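Protein chains in written order, with this note's numbering: chain A, 1 to 336; chain B, 1001 to 1336; chain C, 2001 to 2336; chain D, 3001 to 3336; chain E, 4001 to 4336; chain F, 5001 to 5336.
There are 6 protein chains.
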Amino acid sequence: MTRYGAQFGPDVTFLGVDRCDLSDPASFAEADVVVIGAPFDGGTSHRPGTRFGPQAIRTTDYLGHDGSRPSLALRTDGLRDLRVLDAGDVEMPPGHIETSLTRLRQAVSTVAAAGAIPVVLGGDHSVAFADAGGVADVLGHGRVSMIHFDAHADTGDIEFGSLWGHGQPMRRLIESGALRGDRFLQIGLRGYWPPPETLAWMAAQGLRSYEMTEIGHRGLAACLTEASAIATDECDGVFLSVDIDVCDPGHAPGTGTPEPGGLTARELLDAVRRLCLELPVVGIDVVEVSPPYDHADITAALANRVVLEALSAIARRRTGVPFDPSLPLLADRDTP
Amino acid sequence: MTRYGAQFGPDVTFLGVDRCDLSDPASFAEADVVVIGAPFDGGTSHRPGTRFGPQAIRTTDYLGHDGSRPSLALRTDGLRDLRVLDAGDVEMPPGHIETSLTRLRQAVSTVAAAGAIPVVLGGDHSVAFADAGGVADVLGHGRVSMIHFDAHADTGDIEFGSLWGHGQPMRRLIESGALRGDRFLQIGLRGYWPPPETLAWMAAQGLRSYEMTEIGHRGLAACLTEASAIATDECDGVFLSVDIDVCDPGHAPGTGTPEPGGLTARELLDAVRRLCLELPVVGIDVVEVSPPYDHADITAALANRVVLEALSAIARRRTGVPFDPSLPLLADRDTP
Amino acid sequence: MTRYGAQFGPDVTFLGVDRCDLSDPASFAEADVVVIGAPFDGGTSHRPGTRFGPQAIRTTDYLGHDGSRPSLALRTDGLRDLRVLDAGDVEMPPGHIETSLTRLRQAVSTVAAAGAIPVVLGGDHSVAFADAGGVADVLGHGRVSMIHFDAHADTGDIEFGSLWGHGQPMRRLIESGALRGDRFLQIGLRGYWPPPETLAWMAAQGLRSYEMTEIGHRGLAACLTEASAIATDECDGVFLSVDIDVCDPGHAPGTGTPEPGGLTARELLDAVRRLCLELPVVGIDVVEVSPPYDHADITAALANRVVLEALSAIARRRTGVPFDPSLPLLADRDTP
Amino acid sequence: MTRYGAQFGPDVTFLGVDRCDLSDPASFAEADVVVIGAPFDGGTSHRPGTRFGPQAIRTTDYLGHDGSRPSLALRTDGLRDLRVLDAGDVEMPPGHIETSLTRLRQAVSTVAAAGAIPVVLGGDHSVAFADAGGVADVLGHGRVSMIHFDAHADTGDIEFGSLWGHGQPMRRLIESGALRGDRFLQIGLRGYWPPPETLAWMAAQGLRSYEMTEIGHRGLAACLTEASAIATDECDGVFLSVDIDVCDPGHAPGTGTPEPGGLTARELLDAVRRLCLELPVVGIDVVEVSPPYDHADITAALANRVVLEALSAIARRRTGVPFDPSLPLLADRDTP
Amino acid sequence: MTRYGAQFGPDVTFLGVDRCDLSDPASFAEADVVVIGAPFDGGTSHRPGTRFGPQAIRTTDYLGHDGSRPSLALRTDGLRDLRVLDAGDVEMPPGHIETSLTRLRQAVSTVAAAGAIPVVLGGDHSVAFADAGGVADVLGHGRVSMIHFDAHADTGDIEFGSLWGHGQPMRRLIESGALRGDRFLQIGLRGYWPPPETLAWMAAQGLRSYEMTEIGHRGLAACLTEASAIATDECDGVFLSVDIDVCDPGHAPGTGTPEPGGLTARELLDAVRRLCLELPVVGIDVVEVSPPYDHADITAALANRVVLEALSAIARRRTGVPFDPSLPLLADRDTP
Amino acid sequence: MTRYGAQFGPDVTFLGVDRCDLSDPASFAEADVVVIGAPFDGGTSHRPGTRFGPQAIRTTDYLGHDGSRPSLALRTDGLRDLRVLDAGDVEMPPGHIETSLTRLRQAVSTVAAAGAIPVVLGGDHSVAFADAGGVADVLGHGRVSMIHFDAHADTGDIEFGSLWGHGQPMRRLIESGALRGDRFLQIGLRGYWPPPETLAWMAAQGLRSYEMTEIGHRGLAACLTEASAIATDECDGVFLSVDIDVCDPGHAPGTGTPEPGGLTARELLDAVRRLCLELPVVGIDVVEVSPPYDHADITAALANRVVLEALSAIARRRTGVPFDPSLPLLADRDTP
């Protein structure tokens, strides 16, 4: 059995964690987390480039690529306190979206079936259909809720004559029954899409979508509290899907469909940390990082930190020691 | 009669709205809004490039250029609920600032005289003299107040030996009597210009200028409330002039004279929405977008959204249905 | 019938020529040349971005977009002496390569059947299968030869598990019988691809491929003379396929798979001019321009000039007046 | 005696202030502030480029380089109300870090001994050892406290086999006794460095480090108040060390080790102003500006404004007139 | 009397040569060469930015700014063997082209009248009217020939309604009688401008314009030989006007109207060297360097080297020792 | 024993060749070629960034990283026909140039002593002292000649007070006796450095330096023939040192000290191929690639191809089958 490695560029792992091979179950039998690259931009409606996202998210860090990242805030090492492996990329030919998504869904299911949390590095957001769907295939359709950070609802029906694309995965997930519409939480929507008929469909499905105006007036913390309650009601696990364009283009220029007026990087990192500390996260994807449009790698660095923040928090959650964000850095942070 | 079209690049309209021809009154007789390009950077004191601003603001959007933009937040389509037309660019040779401003003022007045709201896409801020002046020529000198978002007061007297330039239009507007100094509201000033003697002139004219320190301490919302009250006292309409450099360079790098420490993109969009929902806006310009200094088009995208936010809000205001920003996105937003 | 327009960005035509609508035969009945946009990058094996190629090639020019370009060298106006129309883009969803190529091939055939020369603006080179194939469908399989400027042979068999992609169109064209292998001329190959077994297949098909070493030692002019003789032997027309990466990355950085050591821009323009002056060109494509990797639009500008050089030369060829390249610019260039 | 001038590029001074020559005491005898360039990036562990920081910080401003900058907010001119001189760069060969730091420390001490405030423009943060150390050499070891804005603690022990580098200066300062660990205040830390053993060393030394999570929950103002109290307890002066990477990469992309989730530019400017208004600042450095990674000079502009904000506030502090940040810009700001 | 200095940025001189003040004749009485900055882009028809050209050309060099540049090839130091001074910039407000050109012409005449060679750093090419005109005002109308490197003829009549602009200076120079049309040599023309009627005007005036096709077929050396003979027939001196866009965009991307297919940097440097070795050069301008469109400063560096190549050759010409380009570098190059 | 790996970024090998560990002789016992990374920019006098050169040269290629590159021109696979291994980077702290060079020299000697050809990927050119010196330490001082492609002679004496730096390695090599001055061939020099006294030193040592003027007049091929004869006279092997700035900045912008007027990429590749086909090459370095100044990776791609061209040619030379550059690509190229 041979690990496929990277579709684009050299075969590297997320910050130097160990490799595994999805065709060799023994190689990831003990894993807590398996990173999967989804180097696909065949689903994007505008700027491409997310095929280079997995490589960029894996490697954009000024520290040594040594498979260790001790979190200052949480005092856990997400890459060492958890057993994190990197399965390399799924081969996803850009012109064959259905083939590509099928392969990815199989890879995600394989990881989930092994009891590990899949962390998918996109790729454009069309991969979320495979990511959340692959987890639901294992944990049960309707048993996984979704918390979805994005500027866009991604609930389009048919675009450019296709059912598949980065504006449609959430609709397909709900229509297929993999996820429940009324356990679908969207954070950060804004702008001028989708049109009213799509909003009507969303309302009918029971989605709860937090547009930036509401977030601005009620506060992000209040919205997250409300969303968390819904997400854990009658569901066994939460899938966290982070489209980097939820952040303002000033913080995340390297993306395909930037929409002004988003979250700051700080807000996103704080939100991801909190959700992973509090909720039973069973799958994650971080998508829509497009390196050709990035500057000084700031978008890729942010996505890398989203992954690390999530893993650090999951590790902390597993310690059972609560986290007090107002403690000084150099105080004792680990004694409950 | 022939529409002039674009001075630089192909003849396109703002996100695909219909064309009109200012030399043909019938072509814009029914318009609510007429977009005018002012591709002029002959007035800038530092980085040029705003001549490409109109083209960039018209076209920077990842959605189809179909003349429709349904606002998620406001549930109006600023391009369809209003009759929006695009008159193309005014021909403004960069080396002839006085000729250029005269032509632009005539174009703006033509639109205002037809009862439509002119939306001028700059161009450097020297065009504001023509923009607000052209509206005042129709609605009456002294009858139009100004709300001016900017890092800079733009009240300089003589620069490089000239009365005309992007640091001086506000002084010329007040000196000429077109606008009242005591109905001149400035939001977002900061930095190290103008010098004390200019500030003294401003104080003498009765301007109310909100520097970022005040905004930081009192809150932007409080400042806007105060400014709105002044702007509508004894005036029939409000001209909204948005210099994109009111935002922090992190949010708007593509501009000529970036001054650190500004508003976020979110704050600007929220402010523009609120003002257009609440006040009788009679003219708008969005200026100082310099594409050669932009990255990944984020500044142009922001300016495009400033226009859309304004038009969506104007459309909402005309419905008479109040807007509650704390409502969920998928709730009924249109029933008063 | 409605013209589709542009898939990405505003609906503009090549330097302002008139529009036509491929679903309305009357709209292009008199055309000599029809420009077709193929905004597709679902076939690229590395850097994407060529979906923005058609828009960039159409509009990258500092002169007015007025549908006129008088050639200094040739003293013809390729856009006016010929009847040149622009059909807009073919809708090509990036994740559906087979659907996309089928649509494009139909569009190209429609143009060729009307007696016009299709000029396809790519898009990645996978579109050549549709471009040359669509012409051959009309003029007869085996009746059209190919002169192919490229760093790469594009004769791969299966890549990423697919028969379709930008490294394979030439193989598919020959295998399908649309074009003859022994009337296939390749100019500018270099580097480290394809592997020996593919070269053996090429040799067996009778291709004549000019690698840069041979071009360097024999001279480009001699190679072109030889290639022209082959191209016109037993064929009725020549298809000219220009992959911009035939040029050195210094001259064409904005492309997906740049290979150092290529032609200069001057050499390419001279070669295109000469071939279009001397040979019966029946179709053209200009591909692999990837704007996100371009700098200061120099690659797009080069591709724009490749199109203009070709059209100017075709127009000159139709005058019947020979061209003497050593004449002074201001001499009488039009009297035989 | 000859002024060395600039190591890289032309010999210019900070926004046009007068020159001085550190080898000629008379040339800076009356100075309040002396700017020193430390064009050194031989200590950086990742992206270099800070050798061009001094030049960029000195010159990045759209206003005339006339040695005058009247602050809107503070109504002082930091460059005129104080006597500010620029000593040029210290010659710091990048491959000789110990030699370089020694030279810089001598230069800083020379300035401090003359009673002026040294303002060092980095350069990577390794220069802080020389900057704060040089001041402490004059004012007394243990008598100067440190307020340190940074994403990183910079308290590493040995990196790449060396005691010297941009991740270690704070440890060296404390170990050497120049500064007290328990008067060392760090603002803005975040991310995944240093490891626990280094944090333990920091705790043992009594550092007070404000990680972004604490800042987010308690508020920056509260943290600064607390830090200020510590900084002025048993110390005669405060050294202010500003690593530009304390800001979010969206606001400061042009730096070597960007860490997502930082302060906004506005927050940094407000904090620097407040500290310089309230505390007895005896030395400043602004470091880690790396122009090759900057975009549209926004990072350099921010660093330039950090310097100006500090000087404006120091000048205001010397007037003895308190500053009320909630006053309108055009109100009388100078009467206590 | 006060030297004006730089209009944009700090007051620096060309690679550190001494300053002079055009309002103080004594300051340049002994000069051989006086550099003048013409920071003007109010005449450009497309991309602006050349206002930053003088600063970029003066400072773009990796060597120390020490006022010395020994030429390897020529074994002269153009900055020391000649007395070279830098007069700073002429103040040229971008929106006032006529005022600006008048001021510049006066400056150039002042230098020429003092017996020095003016070297004008543009600025867009509209400045050539002032540059060559100012020299002719002193040396006599009709007594100065022009050798003009450019992609464009710059002989347009009226553009955007104005007689003045970067596409028209050569026409104005000839129409005004300052320069003779039949002593006007143009090297490097190409592309699709001007239209036939302008070419007819040029032919009628007797210009000799070398289009790239002719240069390609006859060789640049032969064309230069022919041009040199014409230039020195009945004229006392030669003005050398170098528009950097004569080079291919691959070598000079940082310019306003890049036209593919130009000279290499090497060809331009060789040509400038040869002409300055062989001809009585009385004035030079180097124009159309637009830093915002440059990459890694390569265009500015080329322009800097054009100036140095010219000055080195002028210095060599004054030694009277012939130059043999085929001699080894380390051979004795200075003995005739 | 543990392989050090990469100093910056993930541990990858040159296009996927196998790893070796210099502290484990068995790991490279059979090697023909060992790649060594020298990620050092502590010796550069201007733009840094070459520390990222090794990573960029190893990975910049659009083809799969599979340890195979069949050369079209030469019909050898330089990575498979030779046994090529990659030893990773030598740890070279930027602030410690002497320590760094000593470590590198030891690594190079280790490889040479094992009978393999070291291929060093720089780093700035200061590393050449270690590279060629390390080979000479094994093969004998005075027994290795140097062919040195560069814009600069790199024969400076003391710069910034140091004997070590990227402008001085060639002098140190000759002064130390490691290499003979009269077997030192320099190709591509140009510009304005070094000064006459250094040229005099070079002449006295017997260097043969081909300045671009000579190359332009005599032809590169003739110069190479002459240089080859000298290089193989009384020497056992040739060290090939390629500073990427020998190419024109249009072809290689990503470098520290770009000098306009250099070779084309094609010329460099042809020259490297020829020399490696004809001469007994015993060591190679490729230096001065600075990714932060590169665009679209074109400089890194060129450097990658320089390495591949050299290895392909060395492999071809070992077959003993002569190479005829004028043969068609698809002809039989392998039968003598």
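Cβ coordinates follow ideal geometry from the N, Cα and C atoms, glycine included.
Nothing here was measured: the structure is a model prediction, and the numbers come from that model.
Three-state secondary structure assigned by DSSP to residue i
{"i": "D/Ile3147", "result": "strand"}
{"i": "A/Gly95", "result": "coil"}
{"i": "C/Asp2086", "result": "strand"}
{"i": "C/Arg2105", "result": "helix"}
{"i": "A/Asp24", "result": "coil"}
{"i": "B/Ser1100", "result": "helix"}
{"i": "B/Asp1018", "result": "strand"}
For residue j and residue i, believed in contact at Cβ under 8 Å, the rounded distance
{"i": "D/Val3120", "j": "D/Ala3231", "result": "Not a contact, Cβ separation roughly 19 Å."}
{"i": "C/Pro2188", "j": "C/Met2212", "result": "The question names Pro, but residue 2188 of chain C in the sequence shown is Gly. Rounded, the Cβ-Cβ distance is 6 Å, consistent with contact."}
{"i": "B/Ser1290", "j": "B/Gly1262", "result": "That pair is no contact at about 16 Å."}
{"i": "A/Ser145", "j": "A/Val246", "result": "The pair is not a contact, with the Cβ atoms about 18 Å apart (cut-off 8 Å)."}
{"i": "F/Gly5049", "j": "F/Tyr5210", "result": "Rounded, the Cβ-Cβ distance is 28 Å, inconsistent with contact."}
Nearest to residue i (by Cα), restricted to the options the options
{"i": "B/Pro1260", "options": "B/Arg1266, B/Glu1267, B/His1251 and B/Leu1268", "result": "B/His1251"}
{"i": "F/Thr5198", "options": "F/Glu5214, F/Ile5158 and F/Trp5164", "result": "F/Ile5158"}
{"i": "B/Ala1296", "options": "A/Pro322, A/Leu329, A/Thr257 and A/Leu277", "result": "A/Thr257"}
{"i": "E/Phe4028", "options": "E/Gln4007, E/Val4017, E/Gly4049 and E/Val4111", "result": "E/Val4111"}
{"i": "B/Gln1106", "options": "B/Gly1078, B/Asp1131 and B/Arg1083", "result": "B/Asp1131"}
Limits of the unbroken alpha helix (DSSP H) element including residue i
{"i": "D/Ala3056", "result": "Gly3053 to Thr3059"}
{"i": "B/Asp1285", "result": "Not the alpha helix (DSSP H): B/Asp1285 falls in the beta strand (DSSP E), residues Val1281 to Val1287."}
{"i": "D/Ala3271", "result": "Ala3265 to Glu3278"}
{"i": "C/Pro2169", "result": "Pro2169 to Glu2175"}
{"i": "D/Ala3073", "result": "Neither: D/Ala3073 is in no alpha helix (DSSP H) and is coded neither H nor E."}
{"i": "A/Leu308", "result": "Ile298 to Thr319"}
Run of the beta strand (DSSP E) containing residue i, from where it starts to where it stops
{"i": "B/Leu968", "result": "Nothing about residue 968 of chain B can be reported from this structure: the residues present for chain B run from 1001 to 1336 only."}
{"i": "E/Gly4037", "result": "Val4033 to Ala4038"}
- Can you give, in chain order, each stretch of the beta strand (DSSP E) that sits fully within the stretch 2177-2248 of chain C and has at least 3 residues? 2184-2189, 2208-2211 and 2237-2243
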